[in-house]
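A quick write-up on the structure given underneath.
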Amino acid sequence: VLLGAVTLDHIRRGPVQAGTIGYWIGQPFARRGYMREAVLAVVHHAFNTLDLSRIESACLPENVASRGVLEKSGFKYEGVAQSYLQINGRWRNHVLYANLRGDRRGRTDVG
Numbered sequence: 022v023l024l025g026a027v028t029l030d031h032i033r034r035g036p037v038q039a040g041t042i043g044y045w046i047g048q049p050f051a052r053r054g055y056m057r058e059a060v061l062a063v064v065h066h067a068f069n070t071l072d073l074s075r076i077e078s079a080c081l082p083e084n085v086a087s088r089g090v091l092e093k094s095g096f097k098y099e100g101v102a103q104s105y106l107q108i109n110g111r112w113r114n115h116v117l118y119a120n121l122r123g124d125r126r127g128r129t130d131v132g
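Residue numbers for the sequence shown follow the working numbering, so the first one is 22 and each next one is one higher.
Structural data, given as structure tokens:
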């Protein structure tokens with residue numbers, strides 16, 4: 022049974038060391054934590070095996086479930102990309118998220 026898929030692509034080497042994660046899950050399996058678990062596994066692989074320093078993702082602003090997966094997987098909101106992707110012949114804005122290895126954004130402790 023295929024539940025869904027996770028991709029890690031657009032890997033950039035050199036001074037950037039980043040990649041882009043994307044995913045989908047079939048409706049019968051949504052909201053059960055499967056995608057969060059899969060995203061966390063890919064993030065771990067990206068940081069620890071591929072030695073990436075940044076993983077990016079984007080989704081439609083109204084996709085609350087996808088935003089939840091990203092936020093619960095350690096991704097932080099970075100902004101909105103205007104006319105980011107064409108869907109059904111229409112250019113759509115997307116919200117941008119990133120997960121940084123050793124991310125300290127939002128922490129108030131020093132050191």
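Where a beta carbon is used, it is the ideal one built from N, C-alpha and C, also for glycine.
Worksheet entry | Alpha carbon of Arg33 to alpha carbon of Tyr118, nearest angstrom | 17 Å
Practice prompt. Could you spell out the range, first to last residue, of the beta strand (DSSP E) harbouring Ser87?
Written response: No beta strand (DSSP E) holds Ser87; the alpha helix (DSSP H) holding it covers Val85 to Lys93.
Item to complete: Please list, in chain order, all residues of the same chain as Gly43 whose beta carbon is under 6 Å from its beta carbon, the five residues on each side excluded.
Response: Thr28
Worksheet item: Touching or not, the segment 68 to 83 and the segment 109 to 118, by the rule of three or more beta carbon pairs under 8 Å?
Response: yes
Worksheet item: Going along the chain, which residues of its own chain have a beta-carbon closer than 7 Å to the beta-carbon of Phe96, five neighbours each way excluded?
Response: Ser78, Tyr118, Ala119 and Asn120
Worksheet item: Since Ile42 sits in a beta bridge, which residues does DSSP pair it with?
Response: Leu29
Practice prompt. May I ask you to list the residues that DSSP assigns as paired with Gln107?
Written response: Trp112
Discussion item. Can you list, in chain order, the residues of its chain with a C-beta nearer than 7 Å to that of Trp45? Leave out the 5 residues immediately preceding and following it.
Written reply: Gly25 and Ala26
Discussion item. For Gly47, count the other beta carbons within 10 Å of its own beta carbon; 16 or more makes it buried, fewer makes it exposed. Which is it?
Written reply: exposed
Item to complete: Give the secondary structure of Arg34 by DSSP, where H, G and I count as helix, E and B as strand, and everything else as coil.
Response: coil
Discussion item. Assuming contact is defined by CB atoms lying nearer than 7 Å, are Gly40 and Leu73 in contact in what I supplied?
Written reply: yes
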